[in-house]
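Residue numbers (this note's numbering): 44 to 190.
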């Protein structure tokens, strides 16, 4: 059914993407679809960039790469079962651009439990749903255990 699946992964909360990764693996299995993980790093403005070590972005990219590969393995994805794209910019713009550039059939995105200000979806998830060139499957994070 699907040929290309995009899974956005927050570099600050890679573990949060585990449910989306597992869902993407299930969607990909019947047809052998390609899975592309997309991590978007923030753009550092000139002032902040000047205060950081010269190799900060490279080191952050390596750390993010390793953390994403670890959570992908935990979700059951083989190292050869997906590709990873590290991008810089606005999350939803970069995810939409990746979907357009790769001809994605579906984006599998996670969304936090809603806060009053976001009503139903996290702001990035909502923007992806509104502007995606393809179908979007939204995975909710699990409910916290009752105290």
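Glycine included, each C-beta is placed from N, C-alpha and C at the ideal position.
The model shown is predicted, which means the values in this text are computed figures rather than measured ones.
Secondary structure of residue i, DSSP reduced to three states
i           : result
residue 126 : strand
residue 62  : helix
residue 175 : coil
residue 163 : For residue 163, the predicted structure reports a pLDDT of 47, less than 50, and the residue's modelled location is therefore unreliable. The matter cannot be settled from this model.
residue 80  : strand
residue 46  : coil
residue 70  : helix
residue 180 : strand
Rounded separation between residue i and residue j - CA only
i           : j           : result
residue 174 : residue 129 : 21 Å
residue 161 : residue 78  : Because the pLDDT of residue 161 is 41, which lies under 50, any placement of that residue in the model is unreliable, and the question is left without a value.
residue 75  : residue 102 : 33 Å
residue 95  : residue 87  : 10 Å
residue 123 : residue 112 : 11 Å
residue 104 : residue 73  : 32 Å
residue 163 : residue 171 : Residue confidence for residue 163 is low, a pLDDT of 47 falling below 50, so the modelled location carries little weight; the figure read from the coordinates is stated next. Residue 163 and residue 171: Cα-Cα distance of roughly 13 Å.
residue 44  : residue 109 : 30 Å
residue 67  : residue 81  : 13 Å
residue 167 : residue 47  : 21 Å
residue 147 : residue 134 : 17 Å
residue 143 : residue 93  : 33 Å
residue 159 : residue 169 : With a pLDDT of 43 at residue 159, under the threshold of 50, the modelled position of that residue is not reliable, and no figure is offered here.
Rounded Cβ spacing between residue i and residue j (contact assumed at less than 8 Å)
i           : j           : result
residue 83  : residue 131 : 7 Å
residue 145 : residue 49  : 7 Å
residue 63  : residue 151 : 5 Å
residue 51  : residue 138 : 5 Å
Interface flag, residue i vs chain D, CB-CB below 8 Å
i           : result
residue 127 : You won't find chain D in this structure, because it holds only one protein chain.
For residue i, the first and last residue of its enclosing alpha helix (DSSP H)
i           : result
residue 102 : 99–117
residue 145 : 134–145
Span of the beta strand (DSSP E) around residue i
i           : result
residue 56  : Unbroken run through residue 56: none, as it is neither H nor E.
residue 86  : Note, residue 86: premise wrong, no beta strand (DSSP E); not H, not E.
residue 154 : 149–154
Within the chosen definition, does the region 113–122 reach the region 46–65 through at least 3 CB pairs nearer than 8 Å? Yes, the region 113–122 touches the region 46–65.
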